[in-house]
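Residue numbers (this note's numbering), protein chains in the order written: chain B, 461 to 823; chain H, -12 to 246; chain Y, 10 to 290. A short worksheet on the structure shown next.
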Amino acid sequence: MTDIDETPAGLRALDLPGQGLDARLVVDRGTFRLDVALTAAPGDVVALLGPNGAGKTTALRALAGLDPLTGGHLRLDGAALDRTPPEARPVGVVFQDYLLFPHLSALDNVAFGPRCRGATKAEARAQAAEWLTRMGLAGHSGAKPRRLSGGQAQRVALARALATRPRLLLLDEPLAALDARTRLEVRAQLRRHLAEFEAVAVLVTHDPLDAMVLADRLVVVEHGRVVQEGTPSDIARRPRTDYIAQLVGLNLYRGRADGHTVRLEDGPALTTTEDLSGPVFVAFPPGAVTLHRDRPTGSSARNLWRCEVAGLETHGNQIRADLTGALPLAADLTTVAAAELDLHPGAVVWAAVKAAQTHAYPA
Amino acid sequence: MAGTGAAALLALSACSSPTGSSGDSGSSANGTPTLSGTVTVFAAASLKESFTMLGKKFEQQHPGTKVTFSFSGSDTLAAGITGGAPADVFAAASTRTMAIVTDKQDTAGTPVTFARNRLEIATLPGNPHKISSLRDLTRSGLKVALCDRTVPCGAAAQKAFAASGLRLTPVSYEQDVKSALTKVELKEADAAVVYRTDVRAAGDRVRGVEFPESAEAVNDYPITLLKNAPHATAAKAFIQLVTSAEGQKVLARAGFLKP
Amino acid sequence: MTEPAQAHTVTPENRSRHGRPRRGAPLPLMLPALVGLAFLLLPLLALLIRAPWRSLPEQLTSAEVWQALQLSLVSATAATAVSLVLGVPLAWLLARTDFPGRGLVRALVTLPLVLPPVVGGVALLLALGRNGVVGQWLDAWFGITLPFTTAGVVVAETFVAMPFLVISVEGTLRAADPRYEEAATTLGASRFTAFRRVTLPLIAPGIAAGAVLAWARALGEFGATITFAGNFPGRTQTMPLAVYLALQNDPAAAIALSLVLLAVSIAVLAGLRDRWTTAST
């Protein structure tokens, strides 16, 4: 776990003592144990990023009060919420498949929260209408959820959660239920709404793009633990686990640096531009790898390995080659180049990476 | 009830063929006939105790025979017989129900009355309400169960009340005499007008109170051999047992009156 | 024809009501289905064929018939209402909570389904009768006696009919997504509010189906009613009791009464069905 105080967002949280979210979520379920610390200042958007089964949703349910904590603590704006039932927490949730009440209109879905929190029917509906207008859904207030498109339903769900004026907004895979095209548009809208939101927002996602576009800060969770935390750009540049490296599309190795040479654990050495010593990570994108049928002569690349093609897959208009050999790596090349090289599983190739295209940082 | 009927049916189809076959040896008037086969008796529910005993006696006296009973409401039994149920003997609780069968000409010979039953008041043990007459039943606040007028005990009670000039509003018109009696046994009703035999059969769970108007509504119990009886000879012998002095003794013990 | 004419020609034989060509039902399904249908309808058909149509008008003009019919409808509806008030929460308890012995409780709830109704009636007398385990206190403290009263009819019918409702609603609840209740609680709803405003509307079709089953069962109830509540015209004599007693000496009248009961139930059930299907679209 990294020290959260190093990150700018963490510093902000400390600037306003007592404000925002301060939680250590421990949920023990026999074979699985979640132990995640989360802090955020009002206005922060934090993304919990991790593979399926990492415990992201458990963390979110614990924050909402739907699953009890077995340990740790949960404070929001200074108030302890550990023992508070979900209905009494100032927490709004946008569920993965929205869970809009199918028997209520969009308006009544949004009015549900204010109504439960004591508003009269008329007040609740007036507030709901205002929220729908803000979401650009004024014309759909009478529609039942099944008549709404995916993007509209997502905005109604967001309006419903915001209408209770939560101090903590939780979003569970907010874009997962959408098709690729609507996703783009809804992501942009959601980003705008989250930017306007004055309290803490925590979103759970397994999609790095969603996380990076929507959040100010990422918390990467694997096996119930925080493995890395930081700004999106920081994490994209300096992944610390294979999972994150894969997510952001980087080849990642761990080794020990001695000047410009990094000796990998059980592997060859890499030449880098950075001058470091001690344990380090080395990362480079698959596009930085060039492949050759024969050992290139006179190449300036210091990093040259003999590899075998393990698999090929199309990646946009490129082909990604999965290579094994002295070190496992992914390489991107054009379709034409792949054809010229006569790439096929089992083919032997030489892979080269320029030192200038690698990036080394302390582990 | 249906179960008994089905069992009887099975027994019949298993061991017999049409009338006058294997089971029935030709009997001479005074000889000692060797009887065999299964006699199927359809009998009114009120005859259950006494007929079961007579059935056992019959089987002892005529080894190789078997008597099976179907006890039910006389109307139900009559409907079964006219509907083609294969029975040998029908013993009804009223001449009216017997008439249903004779009208359809399903009987062999004329029914004979073998017993009579009269009504009695059944009340709680110890007679806490001090009931001594039919008139006492009309006291307000007293819960009395009668049989529905569509069933024999109800029709008889109606006659008795008509004869006495009394009017009674019961809490319930029960579906049969046993239900009426049950209501008193469970102390839900304070009294019920039922048959003497039912009071006798209930032992000390109820207290019987006789009333003179019951003489106006005496039920005759007719018995007859049926036309399509699969085991006519043995069936005749059973009817003989019922009407014999021995049979009458058993019936009298159950509370029946002599015909 | 409510649907627009199709541009392409489709013969009436191979199109269903919705304009889609009907796919042939496989024989191993079709044959038993038709036999099953015939088996259910034949006795009803026989009732119609043998009905004393000529004397029917005079059979049905008797005040006692209408009294019994009215009592049947009122008591079956009341029994359904009681079943709803008590049965829906019970179904919720069985479907949404976990407590030791829940399986046993569930089995006990269905017990009245297997108990012969007459036995149920006797059991009710032993429990709620004037001299019953609980009934004696009802009598002593409140002066309430249930046997031989219309309330007793409702009690007997509820006893027999409620399990149908509980089983039906529990099944619907199990199939319903419990996360809607969670969503409601995150919006500030207490668990009861979530149940009332979210779960209840969601499972309404299941509740309606269960209520219809319970109502139908209550309407036809005989054994428990006559045993527990007795038989008195206008007070406890429902249609099935009137039919049974008429059967004793006037089968024609019994058939006539049965026809009335059948006609009224079909009218009510068909009417409700129409209302639901139109309401849900």
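Ideal placement from N, C-alpha and C gives every residue a C-beta, glycine not left out.
For residue i, list the residues DSSP reports as bridge partners.
{"i": "phenylalanine 572/B", "result": "Answer is none; phenylalanine 572/B lacks a bridge partner."}
{"i": "threonine 721/B", "result": "Asp718/B and Thr731/B"}
{"i": "glutamate 689/B", "result": "Val679/B"}
{"i": "serine 37/H", "result": "DSSP lists no partner for serine 37/H."}
{"i": "glycine 195/H", "result": "Ala109/H"}
{"i": "asparagine 104/H", "result": "Asn206/H"}
Please compile the residues from chain Y whose C-beta is within a distance smaller than 9 Å of the C-beta of residue i.
{"i": "phenylalanine 561/B", "result": "Tyr189, Ala192, Ala193, Arg206, Val207, Pro210 and Leu211"}
{"i": "valine 551/B", "result": "Thr195"}
{"i": "glutamate 547/B", "result": "Ala193, Thr194, Thr195, Leu196, Gly197, Ala198, Ser199, Arg200, Thr202 and Ala203"}
{"i": "phenylalanine 555/B", "result": "Arg188, Glu191, Ala192 and Thr195"}
Residues of chain H with CB under 7 Å from residue i, in chain order?
{"i": "glycine 138/Y", "result": "Leu173 and Glu175"}
{"i": "proline 156/Y", "result": "Glu175"}
{"i": "isoleucine 176/Y", "result": "Neighbours of isoleucine 176/Y on chain H: none; closest Cβ ~27 Å, over 7 Å."}
{"i": "leucine 78/Y", "result": "Here the premise fails: no neighbours, minimum Cβ distance about 18 Å."}
Roughly how many angstroms lie between the CA atoms of residue i and residue j, to the nearest whole one?
{"i": "arginine 677/B", "j": "threonine 691/B", "result": "5 Å"}
{"i": "leucine 764/B", "j": "aspartate 735/B", "result": "20 Å"}
{"i": "cysteine 767/B", "j": "histidine 683/B", "result": "32 Å"}
{"i": "serine 151/H", "j": "leucine 121/H", "result": "8 Å"}
{"i": "leucine 628/B", "j": "glutamate 656/B", "result": "14 Å"}
{"i": "lysine 814/B", "j": "phenylalanine 741/B", "result": "16 Å"}
{"i": "valine 76/H", "j": "phenylalanine 56/H", "result": "10 Å"}
{"i": "valine 680/B", "j": "proline 699/B", "result": "10 Å"}
{"i": "alanine 222/H", "j": "alanine 233/Y", "result": "38 Å"}
{"i": "glycine 478/B", "j": "valine 175/Y", "result": "50 Å"}
{"i": "glutamine 227/H", "j": "valine 54/H", "result": "14 Å"}
{"i": "serine 59/H", "j": "glutamate 36/H", "result": "13 Å"}
{"i": "alanine 548/B", "j": "proline 187/Y", "result": "19 Å"}
{"i": "asparagine 240/Y", "j": "glutamine 246/Y", "result": "5 Å"}
{"i": "proline 112/H", "j": "glycine 128/H", "result": "18 Å"}
{"i": "arginine 200/Y", "j": "glycine 129/Y", "result": "35 Å"}
{"i": "alanine 816/B", "j": "alanine 661/B", "result": "38 Å"}
{"i": "leucine 268/Y", "j": "arginine 282/Y", "result": "21 Å"}
{"i": "alanine 820/B", "j": "threonine 733/B", "result": "8 Å"}
{"i": "asparagine 140/Y", "j": "threonine 25/H", "result": "45 Å"}
{"i": "proline 61/Y", "j": "alanine 87/Y", "result": "32 Å"}
{"i": "alanine 72/H", "j": "glycine 180/Y", "result": "44 Å"}
{"i": "threonine 230/H", "j": "alanine 239/H", "result": "12 Å"}
{"i": "glycine 45/Y", "j": "alanine 225/Y", "result": "20 Å"}
{"i": "glycine 715/B", "j": "alanine 584/B", "result": "59 Å"}
{"i": "lysine 174/H", "j": "alanine 136/Y", "result": "13 Å"}
{"i": "arginine 594/B", "j": "aspartate 702/B", "result": "41 Å"}
{"i": "cysteine 140/H", "j": "alanine 204/H", "result": "9 Å"}
{"i": "valine 74/Y", "j": "alanine 251/Y", "result": "8 Å"}
Given that residue i touches chain H, what residues does it touch there, using C-beta distances under 8 Å?
{"i": "leucine 270/Y", "result": "The contacting residues do not exist; leucine 270/Y stays about 18 Å from chain H at best."}
{"i": "isoleucine 58/Y", "result": "In chain order: nothing, as chain H lies at least about 17 Å away."}
Assuming residue i and residue j form a contact by the criterion Cβ under 8 Å, report the distance between their Cβ atoms to the nearest whole angstrom.
{"i": "leucine 168/H", "j": "alanine 189/H", "result": "6 Å"}
{"i": "glycine 229/Y", "j": "proline 249/Y", "result": "6 Å"}
{"i": "threonine 94/H", "j": "valine 88/H", "result": "6 Å"}
{"i": "arginine 183/H", "j": "asparagine 104/H", "result": "6 Å"}
{"i": "alanine 671/B", "j": "alanine 507/B", "result": "4 Å"}
{"i": "proline 550/B", "j": "leucine 536/B", "result": "7 Å"}
{"i": "leucine 22/H", "j": "threonine 220/H", "result": "6 Å"}
{"i": "asparagine 206/H", "j": "alanine 143/H", "result": "6 Å"}
{"i": "leucine 789/B", "j": "alanine 812/B", "result": "Not really, about 11 Å apart at Cβ, beyond 8 Å."}
{"i": "leucine 783/B", "j": "alanine 770/B", "result": "6 Å"}
{"i": "leucine 134/Y", "j": "threonine 236/Y", "result": "7 Å"}
Find the residues of chain Y that neighbour residue i, judging by a C-beta separation of less than 8 Å, and give them in chain order.
{"i": "arginine 620/B", "result": "Leu196"}
Chain-ordered residues of the segment 191 to 224 of chain Y with a beta carbon less than 9 Å from chain B: Glu191, Ala192, Ala193, Thr194, Thr195, Leu196, Gly197, Ala198, Ser199, Arg200, Thr202, Ala203, Arg206, Val207, Pro210, Leu211 and Ala213
Could you run through the segment 152 to 167 of chain H and flag, in chain order, every residue whose CB is less than 8 Å away from some CB of chain Y? Pro157, Val158, Ser159, Tyr160, Glu161, Gln162 and Ser166
Residues of the segment 118 to 137 of chain H with a CB closer than 8 Å to any CB of chain Y: list them in chain order, please. Lys130, Ala132, Asp135 and Thr137
Give, in chain order, every residue of the segment 52 to 75 of chain H whose Cβ lies closer than 9 Å to some Cβ of chain Y. Gly60, Asp62, Thr63 and Ala66
Contact set between the segment 241 to 264 of chain Y and chain H, restricted to residues whose Cβ is under 9 Å from the partner: Phe241, Pro242, Arg244, Thr245, Gln246, Leu250, Tyr253, Leu254, Ala255, Leu256, Gln257, Asn258, Asp259 and Pro260
Give the residues from the segment 503 to 535 of chain B that approach chain Y closer than 7 Å (Cβ to any Cβ), ordered along the chain. Ala524 and Leu526
Give the residues from the segment 573 to 590 of chain B that approach chain Y closer than 7 Å (Cβ to any Cβ), ordered along the chain. Gly573, Cys576 and Arg577
Along the segment 623 to 653 of chain B, what residues have a CB closer than 7 Å to any CB found in chain Y? Thr624
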